[in-house]
Amino acid sequence: MRDVIIACDFSTKEQTLAFLDQFTTVKPFVKIGMELYYAEGPDMVREIKARGHKIFLDLKLHDIPNTVYKAMKNVAKLGVDMTNVHAAGTIEMMKAAQKAIDEVNPETKLIAVTQLTSTSEQMMQEELWINHPINDTVQHYAKNAQKAGLAGVVCSPLEAHLVQEVCGEDFMTVTPGIRFDDASKGDQKRVTTPAMAKEIGSHFIVVGRPITAAEDPVAAYQRCVKEFVGE
Ligand code: C5P
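In terms of this note's numbering, the sequence shown has 63 at position 63, counting the first letter as 1, and numbering is strictly consecutive.
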């Protein structure tokens, strides 16, 4: 189980569909995030699904368990392949989210955000008052997600091995922060190439600008698949 997920970080339906129209022979797995979802709503998800794409709906739910349970039922009704919550919402909240999925569409894989990669260790300790090293916190939150019955976590590829150390190799790691070795890093700081992510043991890589901003997005996607999946 390894695949490349394209982060469709566009703000309109038109831009998104024009981008996807370029893929005529393959239907890549795509990630729809808050920007597009809040602009276009669930119809956007239905339309992309109807075109034959697998979808990771990246809405990072975090609220009281009852609210997350009800919201997750609506997400599961969309029939998405993957979606997520914040592990910081507690095991009880993650269990509520997983229960909603089990009741509506058990095919949807639920994963958790451990610590956002935009949060430094210093910010985590001084602002969030989590008095532990960040790697320990990532491992602890991943274990909580596993205890709640989730399928895996979103993490930096550089953290994937830490997660697998405590949760096992079958616990899914979905990793953004991917760049080709001949490209600029943009605003991402801790990056790896698709080939390195494969070596480290990621199950899915989430790739945005290296594909969406490429001169030839289809070729860039195929390069990712070749390096990461090996086809
Ligand atoms: O363009 P780029 O490849 O940097 O896009 C990576 C995608 O992964 C974006 O949608 C970004 O929001 C997302 N992401 C991330 N780091 C995280 C979680 C999500 O880069 N920790």
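Quick reminder that beta carbons are idealized off the backbone N, C-alpha and C, glycines included. For clarity, every value in this text was computed on a predicted model and none was experimentally measured.
Going by DSSP, Lys99 is part of the alpha helix (DSSP H) stretching over 91-104. When DSSP states are grouped into helix, strand and coil, Ala76 belongs to the helix group.
Between the ligand C5P and the CB of Asp3, the shortest heavy atom gap is not smaller than 7 Å. Out of Ala151, Glu227, Lys109, Phe228, the CA that lies nearest to the CA of Lys54 is found in Lys109. The continuous stretches of beta strand (DSSP E) do not include Asn131, and DSSP gives it neither H nor E. Residue range 82-86 is occupied by the beta strand (DSSP E) that includes Thr83. With a 10 Å radius around the Cβ and a threshold of 16 neighbouring Cβ atoms, Glu40 comes out buried. C-alpha of Leu158 to C-alpha of Thr173: approximately 11 Å in a straight line. A residue is called buried once 16 or more other Cβ atoms fall within 10 Å of its Cβ, and Asp58 is buried on that count. With a cutoff of 8 Å on beta-carbon distance, Val4 and Pro28 are scored as near each other. One alpha carbon belongs to Ala87, the other to Phe23, and they sit about 34 Å apart. Taking 7 Å as the cut-off, the C-beta of Ile178 counts as close to a heavy atom of the ligand C5P.
At a cut-off of 3 residues, the continuous stretches assigned as beta strand (DSSP E) that sit fully inside the segment 181-212 are 204-207.
In the structure shown, the three-state DSSP call for Leu17 is helix. Residue range 109-113 is occupied by the beta strand (DSSP E) that includes Ala112.
Judged by the Cβ position, Leu116 qualifies as a neighbour of the ligand C5P at the 7 Å threshold, a heavy atom of the ligand being closer than this. Contact between Met124 and Ile134 holds: CB atoms are separated by about 6 Å, below the 8 Å threshold. Bounds of the alpha helix (DSSP H) holding Ala219 are 217-228.
Taking 8 Å as the cut-off, the beta carbon of Ala148 is found no closer than this to the beta carbon of Met82.
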